[in-house]
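Novice: Sharing a structure, written as structure tokens. Questions coming.
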Amino acid sequence: MSTVEKLLDATKDIWACYYKHPFVMGIQNGTLDRDKFRFYIIQDYLYLEEYAKTYAIGVAKSKNIKIAQMFAKSIEIMNGEMDVHSGYMGKFGVSQEEADSTKRSLDNLSYTSYMLRVAYEEGEAEIIAAILSCGYSYELIAKNMIKNRPECINDEFYGDWIKGYASEEYAESNRILFRELEELTANYSEKQINHLIDIFTVCSRYELLFWEMAWNKSI
Numbered sequence: 065m066s067t068v069e070k071l072l073d074a075t076k077d078i079w080a081c082y083y084k085h086p087f088v089m090g091i092q093n094g095t096l097d098r099d100k101f102r103f104y105i106i107q108d109y110l111y112l113e114e115y116a117k118t119y120a121i122g123v124a125k126s127k128n129i130k131i132a133q134m135f136a137k138s139i140e141i142m143n144g145e146m147d148v149h150s151g152y153m154g155k156f157g158v159s160q161e162e163a164d165s166t167k168r169s170l171d172n173l174s175y176t177s178y179m180l181r182v183a184y185e186e187g188e189a190e191i192i193a194a195i196l197s198c199g200y201s202y203e204l205i206a207k208n209m210i211k212n213r214p215e216c217i218n219d220e221f222y223g224d225w226i227k228g229y230a231s232e233e234y235a236e237s238n239r240i241l242f243r244e245l246e247e248l249t250a251n252y253s254e255k256q257i258n259h260l261i262d263i264f265t266v267c268s269r270y271e272l273l274f275w276e277m278a279w280n281k282s283i
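Here this note's numbering is used: the first residue of the sequence shown is 65, the next is one more, and so on.
Structure follows, in structure tokens:
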């Protein structure tokens, strides 16, 4: 079993909850209250700012240029993700100033603080484990939406969000992370792998909390 497979196997019950969460189902069916989505988009925009810092720390801590370039490339791809968020904020009439002045929810703050702590205190593989639950779960969520309701990709409001996370470019960014993680952990002991699983599990739990936060619009 590969390292990625071990991470996913350990968290499969948590990830199964993503697909049936009412917020996710609402996007898939085009029925989600747009005020909930507005709240989510702003909070996720604030989240991505901290998420990008985690990648940037990965660049600084990389032991070779190949891994540094991987983290840097991921930041470039994230710019496209931010563009989608900016587009939705434009639709909602949310200015940059309003977004920047919005209070981060407690779950958002706790999640990003944990990721940044891992980035500052640990190594390259641990950083990938911390960021992968967000990146890969969004890909699978979007693809699962299309599988369950193919026409959702053409939804006049939520279609852009779904298409962005189901795109080949986004999927390739995750595959790059997979490959690097496998190389970095080729000689990892069972104890080290279990530590990665712990990090990945914490972040997977935070992902579920983020969906709950968005659904309840909780600060």
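The C-beta atom is built at its ideal place from N, Cα and C for all residues, glycine as well.
Secondary structure at H259, three-state DSSP: helix, strand or coil?
Specialist: In this structure, H259 counts as helix in the three-state DSSP scheme.
Novice: For V123, which option in P214, E233 and A183 has the closest C-alpha, if you only look at C-alpha atoms?
Specialist: Cα-wise, what sits closest to V123 is A183.
Novice: Kindly list the residues whose CB is nearer than 7 Å to the CB of A235, restricted to its own chain and excluding five residues on each side of it in sequence; keep chain order.
Specialist: Correct list, in chain order: E203.
Novice: Quick one: using the 10 Å Cβ neighbour count with 16 as the cut-off for buried, is D77 buried or exposed?
Specialist: Its Cβ having fewer than 16 others within 10 Å, D77 is exposed.
Novice: Please return the same chain residues whose Cβ sits closer than 7 Å to the Cβ of I263, not counting the five positions on each side in sequence.
Specialist: Contacts found: V182, E190, A193 and A194.
Novice: Here's a check: name, in chain order, each residue in its chain whose Cβ is nearer than 8 Å to the Cβ of I205, leaving out the five neighbours to either side.
Specialist: Answer for I205: Y82, Y83, V88 and Y229, listed in chain order.
Novice: Are the Cβ atoms of K127 and I261 separated by less than 9 Å?
Specialist: No, the Cβ-Cβ distance between K127 and I261 is not below 9 Å.
Novice: Around the Cβ of F221, are there at least 16 other Cβ atoms within 10 angstroms (buried) or fewer (exposed)?
Specialist: Looking at its Cβ environment, which holds fewer than 16 other Cβ atoms inside 10 Å, F221 is exposed.
Novice: In terms of residue numbering, what span does the alpha helix (DSSP H) encompassing N212 cover?
Specialist: Here the alpha helix (DSSP H) through N212 covers E188 to N212.
Novice: Can you look up I78 in the DSSP assignment and give me helix, strand or coil?
Specialist: Correct three-state label for I78: helix.
Novice: DSSP on M146, reduced to helix/strand/coil?
Specialist: It is helical.
Novice: Below 8 Å on the Cβ atoms is my guess for Y111 versus T176; work out the distance and round it to an integer in Å.
Specialist: The Cβ separation is near 6 Å, so the contact holds.
Novice: Excluding sequence positions up to five away, which residues of its chain have a Cβ less than 6 Å from the Cβ of Y109?
Specialist: Cβ within range, chain order: H149 and A163.
Novice: Looking only at its own chain, which residues have a Cβ that is under 6 Å from the Cβ of K227, when we skip the five neighbours before and after it?
Specialist: Correct list, in chain order: I217.
Novice: Among residues of its own chain, excluding the 5 on either side of N208, which ones have a beta-carbon nearer than 6 Å to its beta-carbon?
Specialist: Excluding positions up to five away in sequence, the list reads Y83.
Novice: Under a three-way DSSP split, which group does K125 fall into?
Specialist: Here K125 sits in helix by DSSP.
Novice: For T284, which of L245, L196 and L273 has the nearest alpha-carbon?
Specialist: Nothing about residue 284 can be read from this structure; the chain reaches only from 65 to 283.
Novice: Should I240 and S159 be called a contact, given that it needs their Cβ atoms to be closer than 9 Å?
Specialist: No, the Cβ-Cβ distance between I240 and S159 is not below 9 Å.
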